[in-house]
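Take a look at the structure below.
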Amino acid sequence: MSLEFLSDEWFAKVKEIRDGAGEVETPAALADLVINITVSGDAGDKELALVGGMIEEGHHGDAATTMILPADLAKRIFIEGDQSAGMQGFMSGQIRIEGDMSKLMALQTAQPSADQVALMKQIQDVTA
Numbered sequence: 001m002s003l004e005f006l007s008d009e010w011f012a013k014v015k016e017i018r019d020g021a022g023e024v025e026t027p028a029a030l031a032d033l034v035i036n037i038t039v040s041g042d043a044g045d046k047e048l049a050l051v052g053g054m055i056e057e058g059h060h061g062d063a064a065t066t067m068i069l070p071a072d073l074a075k076r077i078f079i080e081g082d083q084s085a086g087m088q089g090f091m092s093g094q095i096r097i098e099g100d101m102s103k104l105m106a107l108q109t110a111q112p113s114a115d116q117v118a119l120m121k122q123i124q125d126v127t128a
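The numbering of the sequence shown is UniProt numbering, which starts it at 1 and goes up by one.
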C-alpha cells in the first residue's frame with residue numbers, strides 16, 4: 001500500500017508507524033531540534049515539523065526556524081534521505097530559510113540512530 005506523500009492518509013499512517021515504534025533513540029544533536037517545514041506543491045502549501053528527528057503534521061510553536069521548499073525536494077530529503085539534494089536545493093534557491101539558520105547545521109552533522117533508520121524504512125515503504 002503506497003500513500004501519496006503529505007496526504008492526510010500518509011500523515012495518519014506515519015503517526016501510526018511512529019506510535020507503534022515506541023521510544024525511538026535519537027542522536028543528541030536532534031533530540032531538542034524543532035524545525036517547521038512548509039512544503040509547496042500543486043495542491044497548495046502543506047505544513048509539517050521536524051521534532052526530535054521525527055516528522056509531525058502541522059507547524060510547531062517552539063520552532064525557531066522554518067524551511068520552505070517544493071514537495072519533490074522535500075520527499076528526496078526527508079523520505080529518501082538524500083542529503084545532497086538538500087545542499088543542491090539550498091544552493092539553487094529552491095530552499096528558503098526563515099529564522100535561525102544555525103539550527104539546520106544539526107541536520108547536516110547528525111547521523112540517524114538504528115531505530116530511526118528502521119522507522120524511516122517503514123515510512124519509505126508506505127510512501128508513493
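For each residue, glycine too, the CB sits at the ideal point set by N, CA and C.
Quick caveat, the model's predicted, so the values are computed rather than measured.
Return the bridge partner residues of residue i from the DSSP annotation.
i           : result
residue 27  : According to DSSP, residue 27 bridges with nothing at all.
residue 51  : 34, 54
residue 96  : 68
residue 44  : 41
residue 109 : DSSP lists no partner for residue 109.
residue 3   : 127
Buried or exposed: where does residue i fall if 16 or more other Cβ atoms within 10 Å of its Cβ makes it buried?
i          : result
residue 44 : exposed
residue 1  : exposed
Counting along the chain, where does the beta strand (DSSP E) carrying residue i start and finish?
i          : result
residue 40 : 34 to 41
Which residues in the same chain as residue i place their Cβ atom closer than 8 Å to its Cβ, once the five residues preceding and following it in sequence are excluded?
i           : result
residue 16  : none
residue 114 : 25
Less than 6 Å between C-beta atoms, sequence neighbours within five positions excluded: which residues of the same chain meet that for residue i?
i           : result
residue 9   : 3
residue 110 : 27, 29, 30
residue 47  : 38, 58, 59
residue 122 : 17
residue 86  : 77
Starting from residue i, trace the alpha helix (DSSP H) both ways and give me its first and last residue.
i           : result
residue 66  : Taken as a continuous stretch (DSSP letters only), residue 66 belongs to no alpha helix (DSSP H), being part of the beta strand (DSSP E) at 65 to 70.
residue 18  : 8 to 21
residue 125 : 114 to 126
residue 84  : 83 to 91
Quick check on this structure: which residue in the options has the alpha carbon closest to the alpha carbon of residue i?
i          : options         : result
residue 32 : 7, 95, 103      : 103
residue 69 : 12, 91, 125, 21 : 91
residue 54 : 25, 41, 71      : 25
residue 65 : 86, 84, 105, 72 : 105
residue 40 : 81, 95, 13      : 95
residue 23 : 82, 42, 119, 12 : 119
residue 34 : 14, 62, 97, 42  : 62
residue 14 : 112, 50, 88     : 50
residue 84 : 36, 98, 107, 20 : 107
So, at 7 Å on beta carbons, what are the nonlocal neighbours of residue i in its own chain, with the 5 sequence-adjacent residues on each side left out?
i           : result
residue 78  : 55
residue 127 : 2, 3, 5, 10, 79
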